[in-house]
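Here is the structure we will look at, set down as structure tokens.
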Amino acid sequence: MRYLIAALVPFVSAALMNETATAGPALLFEASTGKILYSESMDNQWHPASLTKIMTAYLVFEDLKAGKIKLDTKITCTERAYQEPPSKVGLPVGAELTIDTALKSLIVKSANDVAVMLAEELGPTYDQFINRMNTTAKRLGMTRTHFNNPNGLPDDAQVTTARDLAKLSRAIVTEFPEYSAYWSMSAFQLGKQRLGSHNGLLNTFEGADGLKTGFICDSGFNVVASATRDGRKLMAVVLGEPSGKDRTIRAASLLEHGFRHYGWKELFNTTSIDNMPIAADAEGVHSVRHTVTAWTCGNRAQAKKLRAAKVKVKQARAAQRAKPVQASVPPPAKAASVAN
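This is the structure in structure tokens:
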């Protein structure tokens, strides 16, 4: 599978990089500098879904570094945590996990119940933990982000942007490199259960080493993905894809584009996620539920038709660009756009 994705990326990359009208926000940047290599609607607000858990993990790492907790510190499943819907570990009330196992469950399994357990333990109350999330977001310069819960379950007021997620993700990998192994785990063992990651790039993309996926119907399939080649770490944020497969391919295409085209001219590029002004036409949050090809979102057939139409448009445009241009022949008409 790794080689299949690698073979597909060069062919789909150009089409994906040029389809700004039919894609959700996206951002490609260099982790060490924050330098922007590609951006698309990066200041439009979006529901973060389980990408929220990157912030939850950030606060856990802060407390570990400060010595407030240790990896073998135990936390307890409360009634509130028990009532959280999947994805979850499913512990009974009163059961315990170590911080180490909780981090694996949070990052790899994307466990909603464990996110609440951590919030209630480290807050030291749930509400205080949410306040910490928002205070930390402001400190990191996440100016268009607000958190209302620690796991990303649907909440109209829980919003972020691709740029803000980039700031958070860059902070977590540069400030806490000692915990990088959690992000690169494709699976872990919890009792008799083997729990796997939803991050398809970990097993399919050369150099992939993190970070986190997220999905709810209103925000589609999202990912913050990182990869390292020849000592250079690039990170991609992809939001609003209609399926997990689309999410993986688009993120792979962005990262591959970055590694292949990072040339000498990028050395003089000073545009970063910190200094680029917020777009004047940045939009507020909206739902992409109608584009999502998941049974749980209620309209799989319509979404599949929309996705197929988009694919045809992308293929037609890619084929047209590949044709040699003759001076005596006028350029062909532009392909019809597809409603998003």
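Numbers given in our numbering equal positions in the sequence shown, counted from 1, plus 1. Just so it is clear, CB atoms sit at the ideal spot from N, CA and C, and this is done for glycine as well. Since the structure is predicted, the reported quantities are computational estimates derived from the model, not experimental observations.
**Asked** For the candidate residues C298, Q321, P49 and E207, whose alpha-carbon lies nearest to that of E257?
**Response** Taking the first residue of the sequence shown as 1, we reach residue 257 at position 256. Ranking C298, Q321, P49 and E207 by Cα distance to E257 puts E207 first.
**Item:** Cut-off 7 angstroms between Cβ atoms - residues of its own chain near L212, not counting five sequence neighbours on either side
**Value:** Position 211 of the sequence shown holds residue 212. Hits under 7 angstroms: I55, S170, W184, V225, A226 and S227.
**Asked** Within the chosen definition, does the segment 114-122 reach the segment 138-149 through at least 3 CB pairs nearer than 8 angstroms?
**Response** Because the criterion of three Cβ pairs below 8 angstroms is not met, the segment 114-122 and the segment 138-149 do not touch.
**Asked** Using DSSP with H/G/I as helix, E/B as strand and the rest coil, what is V238?
**Response** Locating residue 238 in the sequence shown gives position 237, counting from the first residue. In this structure, V238 counts as strand in the three-state DSSP scheme.
**Message:** Quick check: S187 and N204, are their CB atoms within less than 8 angstroms of each other?
**Reply:** Within the sequence shown, residue 187 is the residue found at index 186, counting from 1. Within the sequence shown, residue 204 is the residue found at index 203, counting from 1. Yes, the pair counts as a contact, with Cβ atoms nearer than the cut-off.
**Message:** Helix, strand or coil, according to DSSP, for Q84 in the structure here?
**Reply:** Stepping through the sequence shown from its first residue, residue 84 is reached at position 83. Here Q84 sits in coil by DSSP.
**Prompt:** So which of T294, R251 and Q159 has the shortest CA-CA distance to N132?
**Reply:** In the sequence shown, the residue the question calls residue 132 occupies position 131. If we check each option's Cα against that of N132, Q159 comes out closest.
**Prompt:** Count the other CB atoms within 10 Å of the CB of R140; is the residue buried (16 or more) or exposed (fewer)?
**Reply:** Translated into the one-based positions of the sequence shown, residue 140 becomes position 139. The residue is exposed, with fewer than 16 neighbouring Cβ atoms inside 10 Å.
**Asked** From D219 to T271, what distance separates their C-alpha atoms?
**Response** Within the sequence shown, the letter at position 218 stands for residue 219. Within the sequence shown, the letter at position 270 stands for residue 271. Their Cα atoms are separated by approximately 34 angstroms.
**Prompt:** Hey, K75 and L52: beta-carbon distance below 8 angstroms or not?
**Reply:** The sequence position of residue 75 within the sequence shown is 74, counting from 1. The sequence position of residue 52 within the sequence shown is 51, counting from 1. No. Outside cutoff.
**Request:** State the beta-bridge partners of K75 as determined by DSSP.
**Result:** As a working note, residue 75 is residue 74 in the sequence shown. Note: K75 sits in a beta bridge opposite T99.
**Beta-carbon gap between F216 and A50 smaller than 8 angstroms** = For the purposes of this step, residue 216 is identified with residue 215 of the sequence shown, where counting begins at 1. For the purposes of this step, residue 50 is identified with residue 49 of the sequence shown, where counting begins at 1. Cβ atoms of F216 and A50: closer than 8 angstroms.
**Asked** Around the C-beta of T175, are 16 or more other C-beta atoms found within 10 angstroms, so that it is buried, or is it exposed?
**Response** Reading the sequence shown from its first residue, position 174 is the one you call residue 175. It is exposed - the Cβ of T175 has fewer than 16 other Cβ atoms within 10 Å.
**Request:** Reducing DSSP to helix, strand and coil, say where S227 ends up.
**Result:** Start at 1 with the first residue of the sequence shown, and residue 227 comes out as number 226. Strand, per DSSP.
**Asked** Tell me, which residues are paired with T161 by DSSP?
**Response** For this step, residue 161 is matched to residue 160 along the sequence shown. Beta-bridge annotation (DSSP): T161 is paired with W47.
**Message:** Closest to T162 by C-alpha separation, out of S288, W47, L202 and H199, would be which residue?
**Reply:** As a position in the sequence shown, residue 162 is number 161, starting the count at 1. Here the closest residue by C-alpha is W47.
**Message:** Tell me which residues share the same chain as T126 and place their Cβ nearer than 7 angstroms to its Cβ, disregarding the 5 neighbours each side in the sequence.
**Reply:** The count along the sequence shown starts at 1 and reaches residue 126 at position 125. Counting only residues of its own chain and dropping the five nearest sequence neighbours on each side, T126 has no CB closer than 7 angstroms to any other CB.
**Request:** Identify the continuous beta strand (DSSP E) that holds D1 and give its terminal residues.
**Result:** For the chain, the structure presents residues 2 to 341; residue 1 sits outside this window and is missing.
**Item:** Under the three-state DSSP convention, the category A280 falls into
**Value:** Taking the sequence shown and counting its residues from 1, the one referred to as residue 280 is at position 279. Residue state, collapsed to three classes: coil.
**Message:** Quick check on the DSSP output: the beta strand (DSSP E) that includes E41 runs from which residue to which?
**Reply:** Residue 41 sits at position 40 when you count from the first residue of the sequence shown. Where E41 is concerned, the enclosing beta strand (DSSP E) stretches over I37 to E41.
**Nonlocal neighbours in the same chain, by C-beta distance under 7 angstroms from S288, ignoring five residues either side** = Taking the sequence shown and counting its residues from 1, one reaches residue 288 at position 287. Around S288: D219.
**Asked** If you compare alpha carbons, which of K66, S42, S33 and Y83 is closest to A283?
**Response** For the purposes of this step, residue 283 is taken as residue 282 along the sequence shown, with counting starting at 1. It is S42.
**Message:** Assuming E80 and N152 are in contact, meaning their beta carbons sit under 8 angstroms apart, how far apart are those beta carbons, in whole angstroms?
**Reply:** Working through the sequence shown from its first residue, we reach residue 80 at position 79. Working through the sequence shown from its first residue, we reach residue 152 at position 151. Incorrect: roughly 16 angstroms between the Cβ atoms, too far for contact.
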